[in-house]
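Its first residue numbered 1, the sequence shown is counted upward by one per residue in our numbering.
For glycine and all other residues, C-beta sits at the position ideal for the given N, C-alpha and C.
Notes follow the structure.
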Amino acid sequence: MSDTLIIGGGVMGMMMAWQLAEAGQTVTLLERGQCGREASWAGGGIVSPLYPWRYSSAISSLSRWSEGEYPRLAEALKEATGIDPEYRQKGLIYLRVEDEALALDWARTQHKPLEVIGREALYAREPHLAAGHQQALWMPTLGSIRNPRLGQALRARLLAHVRVEVREGCEVQELMIGADHHVTGARLVDETVSADNVVVCGGAWSGRLLAAAGVLLPVRPVKGQMMVFNPVAAGLCSVDEPLLSRVVLCDGRYVIPRADGRILIGSTLEHQDFDKSTTAQARESLHASAASILPALGELEPEHHWAGLRPGTPDGTPFIGAVPGLHGLYVNAGHYRNGLVLAPAATRLLSDILLGRESFMSAQAFTPPGVEIATALAS
C-alpha cells in the first residue's frame with residue numbers, strides 16, 4: 001500500500017507525484033490512458049495566464065511562484081531524463097489591448113516588467129506581423145514550454161523513480177470510503193488500490209469521479225481547438241531565421257513559436273461536454289486568426305489540427321486542498337486554461353498541505369467544496 005494514491009496522470013498529477021516522492025512518500029499514480037496525453041498535451045505551453053491582470057490576487061501568487069520555478073524544473077528534467085522540455089524565455093507581445101491602463105497598473109503592483117512599445121520597436125522584434133499596428137504591450141520575461149515534451153519528461157522521470165509506481169490504462173470506477181468517512185483508495189474494474197491518502201488530479205473528469213462520493217465539484221470540460229503550421233517545411237523561413245520568435249496575443253488568440261520553426265495558433269472556447277472532435281468551423285476561424293496576426297500563414301495549410309478538454313470552473317479558480325468531511329481525500333483540479341503555468345505552485349501548495357508543512361501562501365481561496373458530503377453519505 002502506498003502513502004498516497006494520485007488519480008490522473010496529466011502534468012498536475014505527475015508533478016504532484018514527483019513532489020511527494022521527493023519528500024519521501026511512496027506514490028501510486030493511476031491514469032486511464034497514457035500520462036500527459038489529455039489537456040496537458042493539447043495546450044499551447046504559455047507559462048502565464050493570457051491576460052494576467054484580469055485574474056485574482058490568489059491566481060497571481062500561484063502564477064508568480066510557478067514562473068520562477070519553471071527554468072529550474074525544466075533543467076532538472078532535462079538532466080534527469082535527457083528530454084528537453086524546451087523552456088524558452090523570449091517574451092510576449094500583446095496587440096490591441098483594451099484595458100492597457102489596468103495592465104500597466106497591475107504590472108507596477110506585481111513588479112512585473114511590462115511596457116508600451118511603439119511601431120518601430122514592435123516590428124523590429126517581429127517584422128512579419130501584419131501591418132498597421134502602432135503600438136503594443138511588451139512583457140520580456142514571459143516564458144513558454146513545449147508541453148508535450150514536458151509531459152514526456154515528467155513521465156520518464158516518474159517511471160525511473162524508486163518511490164513511484166505509474167499505472168496507465170487504469171480507469172477508476174469509484175473512490176473507496178470507509179465507515180469513518182475516510183477515503184482508503186480507489187476501485188478499478190477488477191481490483192482495488194489502497195493508500196493512506198488519495199489525490200484527485202483528473203482534470204475535466206474530476207467532477208464526475210467526486211460526484212459519486214458526494215462531492216459536488218463544479219468542474220466541467222471546456223473544449224479548445226488548436227492548429228500548428230510548419231513554415232520551415234513550406235520554405236517560408238528557416239530554423240535560424242524563423243517567421244516568429246515570440247509569443248503574440250491578439251484579440252484573445254495567440255501564436256506560439258517552437259524551436260523547430262513551427263507555429264501554433266489557439267484557441268477556441270467551446271462548451272461541448274466531453275466531445276474532443278475537431279470542426280471545420282474552428283479550423284476556418286483559427287486559420288483566419290493566424291493570418292490576421294501573421295499574413296504569411298494565410299496561404300499555408302495547417303500541419304495538424306486537434307482538440308483538448310480544459311477543466312473549467314465557474315470563475316476560473318481551481319480547487320486545491322483537502323475535501324472537508326472526507327478524511328484523506330485531496331483535490332487539485334479545475335485550473336481551466338492555466339493548468340500548465342500553475343502546476344508547479346499548485347502541486348507544491350497541496351504537497352505542503354498533505355505533508356503538514358508551512359507553505360509559501362494560503363490555500364484558503366482554493367478550498368474544495370464539502371457541504372454536500374454529509375447529506376450524500378447519509379442517504
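Contact set for residue i: own chain, Cβ-Cβ below 6 Å, skip 5 residues either direction
| i | result |
| --- | --- |
| residue 115 | 138 |
| residue 345 | 62, 65 and 66 |
| residue 161 | 21 |
| residue 220 | 312 |
| residue 300 | 229 and 234 |
| residue 165 | 28 |
Residue environment, residue i, which counts as buried when at least 16 other CB atoms sit within 10 Å
| i | result |
| --- | --- |
| residue 218 | exposed |
| residue 97 | buried |
| residue 41 | buried |
| residue 18 | buried |
| residue 287 | buried |
| residue 280 | exposed |
| residue 239 | exposed |
| residue 262 | buried |
| residue 101 | exposed |
| residue 152 | buried |
| residue 75 | exposed |
| residue 328 | buried |
| residue 298 | exposed |
| residue 319 | buried |
DSSP three-state assignment for residue i, whether helix, strand or coil
| i | result |
| --- | --- |
| residue 94 | strand |
| residue 305 | strand |
| residue 48 | coil |
| residue 184 | strand |
| residue 145 | coil |
| residue 314 | coil |
| residue 3 | strand |
| residue 271 | coil |
| residue 123 | helix |
| residue 28 | strand |
| residue 216 | coil |
| residue 371 | Low confidence applies here, because residue 371 scores a pLDDT of 38, under 50, leaving its location unreliable and the question unanswered by this model. |
| residue 390 | Residue 390 cannot be examined here, being either before or after the span of the chain that is shown, 1 to 379. |
| residue 254 | strand |
| residue 221 | strand |
| residue 361 | coil |
| residue 292 | helix |
| residue 386 | The structure shown does not extend to residue 386, since the chain is modelled only from 1 through 379, so no value can be given for it. |
| residue 341 | helix |
| residue 160 | coil |
| residue 232 | coil |
| residue 175 | strand |
7 Å Cβ shell around residue i - same chain, five flanking residues per side excluded
| i | result |
| --- | --- |
| residue 371 | At residue 371, the pLDDT of 38 sits below 50, so the modelled position is not reliable and the matter cannot be decided from this model. |
| residue 369 | 215, 216 and 217 |
| residue 271 | 222 |
| residue 185 | 5, 176, 192, 193, 194, 195 and 198 |
| residue 15 | 154, 343, 344 and 347 |
Whole-angstrom distance between residue j and residue i, CA atom to CA atom
| i | j | result |
| --- | --- | --- |
| residue 107 | residue 141 | 12 Å |
| residue 322 | residue 1 | 20 Å |
| residue 104 | residue 175 | 46 Å |
| residue 79 | residue 258 | 21 Å |
| residue 10 | residue 159 | 14 Å |
| residue 335 | residue 359 | 19 Å |
| residue 125 | residue 294 | 13 Å |
| residue 278 | residue 43 | 14 Å |
| residue 337 | residue 38 | 13 Å |
| residue 128 | residue 189 | 54 Å |
| residue 170 | residue 33 | 7 Å |
| residue 111 | residue 60 | 12 Å |
| residue 241 | residue 304 | 22 Å |
| residue 157 | residue 27 | 13 Å |
| residue 236 | residue 93 | 22 Å |
| residue 276 | residue 245 | 30 Å |
| residue 13 | residue 58 | 21 Å |
| residue 163 | residue 30 | 14 Å |
| residue 366 | residue 333 | 10 Å |
| residue 123 | residue 225 | 29 Å |
| residue 273 | residue 149 | 27 Å |
8 Å Cβ shell around residue i - same chain, five flanking residues per side excluded
| i | result |
| --- | --- |
| residue 351 | 16, 19, 20, 23 and 357 |
| residue 209 | 7, 172, 174, 175, 200 and 202 |
| residue 380 | No answer is possible for residue 380: it lies beyond the span of the chain, which begins at 1 and ends at 379. |
Short CB-CB distance (under 7 Å) between residue i and chain D
| i | result |
| --- | --- |
| residue 316 | In summary, chain D is missing from the structure at hand, where a single protein chain is found. |
| task | Check whether the stretch 67-75 touches the stretch 143-152, counting contact only when three or more Cβ pairs, one atom from each stretch, lie closer than 8 Å. | result | yes
| Below 8 Å, can you find three or more Cβ-Cβ pairs linking the stretch 117-125 to the stretch 221-235? | no
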